[in-house]
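Take a look at the structure set out below.
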Amino acid sequence: MDNTADAIIIGGGIIGCATGYYLTKKGLKVYLFEKDYLTAGSTGRCIGGIRQQFSTELSIRVAMESVKKFKELQEEYDIEFYQGGYLFLAHTEEMVTTYKKLIALQKSSGLDVEFVDVKQITEIVPGINTRDLLGGVYCQSDGQANPFLVVDAYAQRIKSRGGVFTASEITGLNIEKDRVVSVKTQDNKVYYAPIVVNTTGPFIKKFSAQFGLNIPIYPERHEALITEPVERFFDPMIVDYRDDGCYFNQKFNNGSIIGCYTPKPNVPGLDLGSSFLFLKEMGRRMARLMPKLRNLKIIRQWSGSYSMTPDGNPILDHTDINGLYIVGGMCGHGFMLGPEIGWLTSQFITGTGVPYDLSSFSLTRDFSDREVMR
Ligand SMILES: Cc1cc2nc3c(=O)[nH]c(=O)nc-3n(C[C@H](O)[C@H](O)[C@H](O)COP(=O)(O)OP(=O)(O)OC[C@H]3O[C@@H](n4cnc5c(N)ncnc54)[C@H](O)[C@@H]3O)c2cc1C
């Protein structure tokens, strides 16, 4: 293996691997470096949900294009992509109003999404608790896929022209005259490329600080759990955005129920510990929404990082160091947006045309607007 590539990617999560896949498809020789194993970061800890319901035109479009790319990938590899939908529940009039407003925007972007009443909800999810429920928003073409299989599929393509190096931490960048020329691994090996993409997820801020870059990406801990497998009895990801809500779906491959909630207050930092509070609370919240889950056994709990930006949108941009790009800050959406973000990054880097305005993903944007469906 020689030490020169057309592009080097740092980080073996969905964003790095999707970027590498699309650069490879363009004929570039890509080297990808991962400090642990592929999916060791947030990607292997996510629950695999894929939705297109967002509150800005750009996010909706990126998510819709991502779904097309998941579909295409499913034709090449079995990634367990399944369009079982997403169902957002409304328990207050305020949520009903917000969702109805968002539906108008989503529909104008071409998304097939509808407001459903309580009776329709009980048909979509038999056995759901209708107490305080006023309705919901349902998008049938949302769904799920297996993050491990998606990353593996992308990595296979990268390896076909370049290389994927695991247990290979990048500890330094060599910068000459404001241009990145090479990267250095923990065992002092040097690899050269004119393009280096930092996709280190929750580590982007810390990694970039070494080179004087201040990137507004802040890791937060999110916990998750999975139950024993049972016969499949519901399709969509059920999302309850109440303060003590949660979200979960049933895995297409084996029928396990997988889910999490957004902790309030948030838990900043890189700590990946698991708490008894989450185990107890998540069980309670799931059983409240779906009483028949009450006797299911939880077989595993874990945690991972959300890489948050101040406005809830990703960052996809070049830096002040020529040849060095940052792609991250995916918040809770990196898996679902990953395929399109990877493709957009490959277009952006190679100057082959980006079909829409990416200024809302730029490093120098005004971060004060906020994505509502965070
Ligand atoms: C509990 C939970 C549930 C989630 N559920 C969903 C969901 O349903 N749908 C969804 O879309 N998103 C979900 N997410 C969010 C999603 O997981 C992330 O947005 C996404 O995985 C981010 O991918 P990434 O490639 O940017 O980062 P990561 O997957 O974290 O990849 C970064 C990689 O870089 C590596 N790395 C770091 N530093 C170095 C270095 N110096 N050298 C080499 N390698 C390095 C890390 O080891 C890591 O593997 C969830 C997240 C959590 C925690």
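In the working numbering, the protein residues as written are 4 to 377. Built from N, CA and C at the ideal position, the CB exists for glycine as well. Small disclaimer: the values here were computed from a predicted structure and weren't measured.
Closest residue to residue i among the options (Cα-Cα distance)
{"i": "Q147", "options": "E172, G88, R224, Y359", "result": "G88"}
{"i": "T59", "options": "K104, G175, I352", "result": "K104"}
{"i": "G354", "options": "I82, D320, G52, L340", "result": "D320"}
{"i": "V199", "options": "A107, R368, L31", "result": "L31"}
{"i": "E172", "options": "G272, Y40, A196", "result": "Y40"}
{"i": "I318", "options": "G356, I218, C263", "result": "I218"}
{"i": "S44", "options": "G337, I178, V357, L347", "result": "According to the sequence provided, residue 44 is Gly. The question's Ser does not apply to it. When only C-alpha atoms are compared, the closest one is G337."}
{"i": "M263", "options": "K295, I301, K72", "result": "Per the sequence shown, the amino acid found at residue 263 is Cys instead of Met. For the residues K295, I301, K72, the minimum Cα distance to C263 belongs to I301."}
{"i": "N252", "options": "N177, F351, A8, V128", "result": "V128"}
{"i": "S185", "options": "L366, S371, T367, N6", "result": "N6"}
{"i": "G47", "options": "G14, R64, V70", "result": "G14"}
{"i": "V33", "options": "V193, L61, G166", "result": "G166"}
{"i": "V357", "options": "T367, G345, G286", "result": "G345"}
{"i": "D181", "options": "I11, T322, G341", "result": "T322"}
{"i": "Q213", "options": "G286, T27, V70, I178", "result": "I178"}
{"i": "I241", "options": "C142, T42, E79", "result": "C142"}
Residue span of the beta strand (DSSP E) that contains residue i, given as start and end
{"i": "T230", "result": "221 to 230"}
{"i": "K187", "result": "182 to 188"}
{"i": "F168", "result": "166 to 168"}
{"i": "F91", "result": "89 to 93"}
{"i": "M240", "result": "240 to 243"}
{"i": "E79", "result": "Not the beta strand (DSSP E): E79 falls in the alpha helix (DSSP H), residues 60 to 79."}
{"i": "N6", "result": "Per DSSP, N6 belongs to no beta strand (DSSP E) and is neither H nor E."}
{"i": "T174", "result": "173 to 179"}
{"i": "I50", "result": "Taken as a continuous stretch (DSSP letters only), I50 belongs to no beta strand (DSSP E), as it is neither H nor E."}
{"i": "G2", "result": "A query on residue 2 cannot be resolved here, the shown segment of the chain reaching from 4 to 377 and no further."}
{"i": "G272", "result": "No beta strand (DSSP E) contains G272, which DSSP labels as neither H nor E."}
{"i": "G262", "result": "260 to 263"}
Opening and closing residue of the alpha helix (DSSP H) in which residue i lies
{"i": "E97", "result": "96 to 111"}
{"i": "F210", "result": "207 to 212"}
{"i": "V193", "result": "Careful: V193 lies outside any alpha helix (DSSP H), inside the beta strand (DSSP E) at 193 to 195."}
{"i": "V200", "result": "First-last for V200: 198 to 201, but that is the beta strand (DSSP E), not the alpha helix (DSSP H)."}
{"i": "F36", "result": "From DSSP, F36 is part of no alpha helix (DSSP H) but of the beta strand (DSSP E) over 33 to 36."}
{"i": "A21", "result": "17 to 28"}
{"i": "A10", "result": "Element bounds for A10: not the alpha helix (DSSP H) but the beta strand (DSSP E), 10 to 13."}
{"i": "F251", "result": "No alpha helix (DSSP H) contains F251, which is instead part of the beta strand (DSSP E) from 250 to 253."}
Sequence-distant residues of the same chain with beta carbon closer than 8 Å to residue i, five excluded per side
{"i": "T174", "result": "K187, T188, Q189"}
{"i": "I260", "result": "I229, T230, V233, F251, N252, Q253, K254, M289, L296, L299"}
{"i": "I106", "result": "V116, E117, F118, V140"}
{"i": "K29", "result": "S349, T353, T355"}
{"i": "N257", "result": "P232"}
Beta-carbon proximity list for residue i, same chain, < 6 Å, skipping 5 on both sides
{"i": "G139", "result": "L90, F91, L92, A93, V119, I124"}
{"i": "E96", "result": "none"}
{"i": "G332", "result": "I220, S310, T312, P317, I318"}
{"i": "T169", "result": "E37, Y40"}
{"i": "L275", "result": "S306"}
{"i": "M67", "result": "Q55"}
{"i": "V153", "result": "I82"}
{"i": "Q86", "result": "S144, G146"}
Cβ shell of residue i (< 7 Å), same chain only, five flanking positions each side left out
{"i": "L136", "result": "L92, H94, V121, I124"}
{"i": "P197", "result": "G326"}
{"i": "F364", "result": "N316, P317, I318, L319, D320"}
{"i": "C49", "result": "P150, G307, F338"}
{"i": "F370", "result": "P219, T312, P313, D314"}
{"i": "L273", "result": "P205, P222, S308"}
{"i": "Q109", "result": "Q56, I63, V116"}
{"i": "K267", "result": "D246"}
{"i": "Y24", "result": "Y157, R160, I161, G345"}
Within the chosen definition, does the region 219 to 226 reach the region 302 to 321 through at least 3 CB pairs nearer than 8 Å?
-> Flag = yes, the region 219 to 226 and the region 302 to 321 touch.
Would the region 7 to 19 and the region 97 to 115 be scored as touching if the rule is three or more Cβ pairs under 8 Å?
-> Three or more beta-carbon pairs separated by less than 8 Å are not found between the region 7 to 19 and the region 97 to 115, which leaves the two stretches without contact.
Assess, as a yes-or-no matter, whether the region 130 to 139 is touched by the region 148 to 160 under the definition of 3 or more beta carbon pairs within less than 8 Å.
-> Taking 8 Å as the limit for Cβ pairs, the verdict is that the region 130 to 139 does not touch the region 148 to 160.
Enumerate, from N- to C-terminal direction, the unbroken beta strand (DSSP E) stretches of 3 or more residues contained entirely within the region 278 to 351.
-> Correct list: 301 to 311, 318 to 321, 327 to 331.
Scan the region 106 to 155 and note each continuous beta strand (DSSP E) run of 3 residues or more that stays entirely inside, going in chain order.
-> Here the runs fully enclosed are 117 to 119, 138 to 142.
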